[in-house]
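J.:
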Amino acid sequence: MIPNSIRSSIATTTIGLAILASQTFASSPSHPPGLKAVTLTHVRYRRGDNLGHFLAWVSLVPVFISLGGFVSHIAFRREIQTVFFALGLLVSQFLNELVKKSVKQSRPETCRALETCDSHGWPSSHSQYMFFFALYLTLLSLRHPRRRRGIASLMSPVFLLSWPSALLTMYSRVYLGYHTVSQVFAGAGLGLVVAAIWFWVVNSLLVDYFPAIEESVIGRWFYIKDSSHIPDVLKFEYDNARAARSRPAYKISKD
Numbered sequence: 001m002i003p004n005s006i007r008s009s010i011a012t013t014t015i016g017l018a019i020l021a022s023q024t025f026a027s028s029p030s031h032p033p034g035l036k037a038v039t040l041t042h043v044r045y046r047r048g049d050n051l052g053h054f055l056a057w058v059s060l061v062p063v064f065i066s067l068g069g070f071v072s073h074i075a076f077r078r079e080i081q082t083v084f085f086a087l088g089l090l091v092s093q094f095l096n097e098l099v100k101k102s103v104k105q106s107r108p109e110t111c112r113a114l115e116t117c118d119s120h121g122w123p124s125s126h127s128q129y130m131f132f133f134a135l136y137l138t139l140l141s142l143r144h145p146r147r148r149r150g151i152a153s154l155m156s157p158v159f160l161l162s163w164p165s166a167l168l169t170m171y172s173r174v175y176l177g178y179h180t181v182s183q184v185f186a187g188a189g190l191g192l193v194v195a196a197i198w199f200w201v202v203n204s205l206l207v208d209y210f211p212a213i214e215e216s217v218i219g220r221w222f223y224i225k226d227s228s229h230i231p232d233v234l235k236f237e238y239d240n241a242r243a244a245r246s247r248p249a250y251k252i253s254k255d
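Numbering (full-length UniProt numbering), first residue to last: 1 to 255.
See the structure below:
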């Protein structure tokens, strides 16, 4: 049996520890109530705000394009145009950081709740990324020999996916409180300018070196190629795949 005095001491100690713990947690910094985050990259939106939840995922579109789009396309397709496209996006983001550090414009007041006040907001890197991507992809599709014309071109997947995504991403950064209106428009404008210049550099100056890259040791080793001169790549690959199947060298010997 435990004496009553010891029991009282244990109870008093337990209550004291509970009070101390509650005071410690109450005084420790925590996220403001009412905010919830998309855990993939911790983009925050107001709890219960369905539109904010949707726009939080929209704000992650640049991440999906970089990881799901460019990494997989470069790994499995080995296209020179795609490599320079991705390189242009990196150049654009590098310029974005230079401008931010030069201008040093603060983010909106909501940065305190979002814990982003330690970074600069002008111009928006998300807007710059998406508008660079949309314009470069559009120019690349219009450069294609079999491009659609007139209203039909506006109904192509390039226009129906890239530009609405760019506009939604720009809007999401303002709605979620990460940027001001001027910051997202500055990012969009800079992205368009850099995309136009980079497209001209690649497709007017560097394109002449594409055959040399294909024939280089590295190009042959990694099967790097340029298919931008082929009118219909999908049909070209389909026809060649069917033709290769009928060749004797393709058939597996049953001996």
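The beta carbon of each residue, even a glycine, is placed where N, CA and C say it ideally should be.
The structure displayed is predicted, hence computed values, not measured ones.
1) Taking 8 Å as the cut-off, decide whether the C-beta atoms of S162 and L139 are in contact.
2) Buried or exposed for S72, please, with buried defined as at least 16 other CB atoms from any protein chain shown within 10 angstroms of its CB.
3) Let me make sure I understand the geometry here. Which of L206, R220, Y175 and K225 has the alpha-carbon closest to that of T110?
4) Below 8 Å between beta carbons: does that hold for V43 and S59?
5) Per DSSP, V58 forms a beta bridge with which residues?
6) Secondary structure at E79, three-state DSSP: helix, strand or coil?
7) Let me confirm a value: S216 is counted as buried when at least 16 other C-beta atoms fall within 10 Å, else exposed. Which label applies?
8) Within 10 Å of its beta-carbon, does D226 have 16 or more other beta-carbons around it, so buried, or fewer, so exposed?
9) Should T169 be listed as close to the ligand SAH, given that the test is whether its C-beta is under 7 Å from any heavy atom?
10) Does the beta-carbon of A21 have 16 or more other beta-carbons within 10 angstroms, so that it is buried, or is it exposed?
11) Which one or two residues does DSSP pair with K225 in a beta bridge?
12) Just checking: is the beta-carbon of W163 within a distance shorter than 8 Å of some beta-carbon in chain D?
13) By the three-class DSSP mapping on this structure, what secondary structure does Y129 have?
14) Quick check: what's the CA-CA separation for H229 versus F210?
15) So, with DSSP's three-state summary, where would you put R46?
16) Measure from the alpha carbon of A188 to the alpha carbon of each residue in N240, M170 and S204, then state which is nearest.
17) Does the segment 197 to 213 come into contact with the segment 93 to 113, if we say contact requires no fewer than three beta-carbon pairs (one atom in each stretch) closer than 8 Å?
18) Would you identify the three-state DSSP class for E237, choosing helix, strand or coil?
19) Three or more C-beta pairs closer than 8 Å, one from the segment 190 to 197 and one from the segment 119 to 131: is that the case here?
20) DSSP three-state label for A21, please.
21) Run through DSSP, which three-state label would T180 get?
22) For K104, tell me which candidate among N240, S92 and C117 has the shortest Cα-Cα distance.
T.: On the basis of the coordinates in this document:
1) Locating residue 162 in the sequence shown gives position 162, where the first residue counts as 1. Locating residue 139 in the sequence shown gives position 139, where the first residue counts as 1. The Cβ atoms of S162 and L139 do not sit closer than 8 Å to each other.
2) Here residue 72 corresponds to residue number 72 of the sequence shown, with the count starting at 1. Classified as exposed, S72 has fewer than 16 neighbouring CB atoms from the shown chains inside 10 Å of its CB.
3) Numbered from its first residue, the sequence shown carries residue 110 at position 110. With distances taken between CA atoms, T110 lies nearest to Y175 out of L206, R220, Y175 and K225.
4) Walking along the sequence shown from the start, residue 43 turns up at place 43. Walking along the sequence shown from the start, residue 59 turns up at place 59. Between V43 and S59, the CB-CB gap stays under 8 Å.
5) As a working note, residue 58 is residue 58 in the sequence shown. V58 is not bridged to any residue.
6) Counted from its first residue, the sequence shown places residue 79 at position 79. If DSSP states are grouped into helix, strand and coil, E79 belongs with the strands.
7) In the sequence shown, residue 216 corresponds to position 216, counting from 1. S216 counts as exposed, since fewer than 16 other C-beta atoms from the protein chains shown sit within 10 angstroms of its C-beta.
8) Sequence index remark: in the sequence shown, residue 226 carries index 226 (1-based). Answer is buried; the Cβ neighbour count reaches 16.
9) For the structure depicted, the ligand SAH is absent and the ligand set is empty, with no information on it obtainable.
10) Numbered from its first residue, the sequence shown carries residue 21 at position 21. Note on A21: pLDDT 46, under 50, position unreliable in the model; the coordinate value appears next. Counting the other Cβ atoms within 10 Å of the Cβ of A21 gives fewer than 16, which makes it exposed.
11) The count along the sequence shown starts at 1 and reaches residue 225 at position 225. When beta bridges are read from the DSSP output, K225 appears opposite E79.
12) Protein chain content of the structure displayed is limited to a single chain, and chain D is not contained in it.
13) One-based indexing of the sequence shown puts residue 129 at position 129. In the three-state DSSP reduction, Y129 falls in the helix class (H, G or I).
14) The residue given as residue 229 occupies position 229 in the sequence shown. The residue given as residue 210 occupies position 210 in the sequence shown. Going by the C-alpha atoms only, they are around 11 Å apart.
15) Sequence index remark: in the sequence shown, residue 46 carries index 46 (1-based). The answer is strand: DSSP assigns R46 an E or B state.
16) Walking along the sequence shown from the start, residue 188 turns up at place 188. In terms of CA proximity to A188, M170 leads the group N240, M170 and S204.
17) Verdict: no, contact absent.
18) Residue mapping note: residue 237 aligns to position 237 of the sequence shown, counting from 1. Here E237 sits in helix by DSSP.
19) Touching, yes.
20) Start at 1 with the first residue of the sequence shown, and residue 21 comes out as number 21. Low confidence applies to A21: its pLDDT is 46, below 50, so where it sits in the model is not reliable, and the reading given next is rough at best. Helix at A21.
21) Sequence index remark: in the sequence shown, residue 180 carries index 180 (1-based). Here T180 sits in coil by DSSP.
22) Position 104 of the sequence shown, counting from 1, holds the residue named residue 104. Minimum Cα distance to K104 is reached at C117.
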